[in-house]
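Contents: one structure, followed by commentary.
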Ligand SMILES: [Zn+2]
Ligand SMILES: [Zn+2]
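Residue numbers (my numbering): -19 to 253.
Right, dumping it as structure tokens:
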């Protein structure tokens, strides 16, 4: 069967892999239907993902149909449509005990630390599966994982309908965050340097969009927040300048959520915070 393999930085190819004949007792075998390409997959390709090990079958945003179930795999049956939670955690460390498995000390992510979903078939433990209704298209099902990032960011940022929110970065994750903020009822402004991405953000529900290179930027931000600053800023750009800007434009008692993993330092002083 076919698999997308990142063998080392700069080299990615469609290769062959043995079909997974054996299934653990609490696992299922999935026929993978769709998989999204994440920004972090691009980092794996370029060699700038600090967490990955090579060679790696990539793909952590994927959906599939159950083709076989293990002898003790409860709650799932052949034909079920499922999405996969790619994160597995120890359940014992401080973060896990707090219910924050996403930052487990020995976190392992399918498609990054272990082989992922960009292969025709794969085995997955039932504890990592979530059923999706058959009426949800496979393309939309593959977007569940990026939307969990948006759900996490907005929950950590305690976004409410009363908030004036700013999303820095209108890539797929920033756009998903914007859509969840709008579902909650917040007023949302999106910042990005790419006009096509700003157009898309506007089309998908952003109240206002602005290019940070525009001389109008400060005026637009001040007008949007009535000179009060943003109550919540979510940095989905992941560059040091965006993190600095986030601190700069947040209101007193506001919240900043950062989603990138840039290794470069940013110049934020204690006084600003
Ligand atoms: Zn991702
Ligand atoms: Zn843990």
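From the three backbone atoms N, C-alpha and C, an ideal C-beta is built for every residue, glycine too.
Per-residue DSSP class, three states only, for residue i
| i | result |
| --- | --- |
| residue 126 | helix |
| residue 157 | helix |
| residue 14 | strand |
| residue 239 | coil |
| residue 193 | coil |
| residue 183 | helix |
| residue 135 | helix |
| residue 205 | helix |
| residue 19 | helix |
| residue 0 | coil |
| residue 200 | helix |
| residue 26 | helix |
| residue 78 | coil |
| residue 177 | helix |
| residue 252 | coil |
| residue 56 | coil |
| residue 219 | coil |
| residue 164 | helix |
For residue i, the nearest candidate out of the options (CA to CA)
| i | options | result |
| --- | --- | --- |
| residue 228 | 30, 208, 118 and 56 | 208 |
| residue 1 | -17, 40, 50 and 28 | 50 |
| residue 170 | 158, 39 and -15 | 158 |
| residue 173 | 166, 129 and 195 | 195 |
| residue 243 | 28, 95 and 184 | 28 |
| residue 36 | 113, 101 and 94 | 94 |
| residue 254 | 142, 3, 123 and 103 | No information on residue 254 is available, as it lies outside the stretch -19 to 253 that the chain covers here. |
| residue -5 | 7, -13, -18 and 6 | -18 |
| residue 189 | 168, 206 and 202 | 168 |
| residue 62 | 24, 30, 85 and 7 | 7 |
| residue 180 | 206, 156, 82 and 143 | 156 |
| residue 106 | 68, 165, 245 and 141 | 68 |
| residue 53 | 85, 82, 104 and 139 | 104 |
| residue 48 | 205, 246, 4 and 114 | 4 |
| residue 108 | 85, 218, 9 and 177 | 9 |
| residue 46 | -2, 101 and 81 | 101 |
Identity of the residues DSSP links to residue i by a beta bridge
| i | result |
| --- | --- |
| residue 99 | -17 |
| residue 49 | 8 |
| residue 93 | BP columns for residue 93 are empty, so no partner. |
| residue 110 | 63 |
| residue -5 | -17 |
| residue 245 | For residue 245, which the question treats as bridged, DSSP gives no partner whatsoever. |
| residue 146 | 169 and 213 |
| residue 36 | -14 |
| residue 68 | 88 |
| residue 105 | 7 |
| residue 44 | 12 and 62 |
| residue 230 | 210 |
| residue 140 | Its beta-bridge partners do not exist; DSSP assigns none. |
| residue 188 | 169 |
Span separating the alpha-carbon of residue i from that of residue j
| i | j | result |
| --- | --- | --- |
| residue 77 | residue 197 | 43 Å |
| residue 233 | residue 12 | 45 Å |
| residue -8 | residue 223 | 31 Å |
| residue 70 | residue 42 | 22 Å |
| residue 162 | residue 133 | 13 Å |
| residue 88 | residue 55 | 24 Å |
| residue 154 | residue 66 | 20 Å |
| residue 18 | residue 126 | 8 Å |
| residue -13 | residue 240 | 24 Å |
| residue 121 | residue 151 | 19 Å |
| residue 143 | residue 210 | 8 Å |
| residue 25 | residue 40 | 14 Å |
| residue 119 | residue 231 | 38 Å |
| residue 165 | residue 34 | 42 Å |
| residue 235 | residue 31 | 27 Å |
| residue 216 | residue 186 | 15 Å |
| residue 192 | residue 74 | 39 Å |
| residue 44 | residue 250 | 47 Å |
| residue 115 | residue 20 | 29 Å |
| residue 112 | residue 202 | 42 Å |
| residue 86 | residue 80 | 12 Å |
Residue-chain proximity (residue i, chain B), Cβ-Cβ < 9 Å
| i | result |
| --- | --- |
| residue 56 | Given the protein chain composition of this structure (a single chain), no chain B is represented. |
With ligand 1 as the reference, list in chain order each residue whose Cβ lies under 7 Å from any of its heavy atoms.
-> 18, 19, 20, 40, 41, 125, 126 and 129
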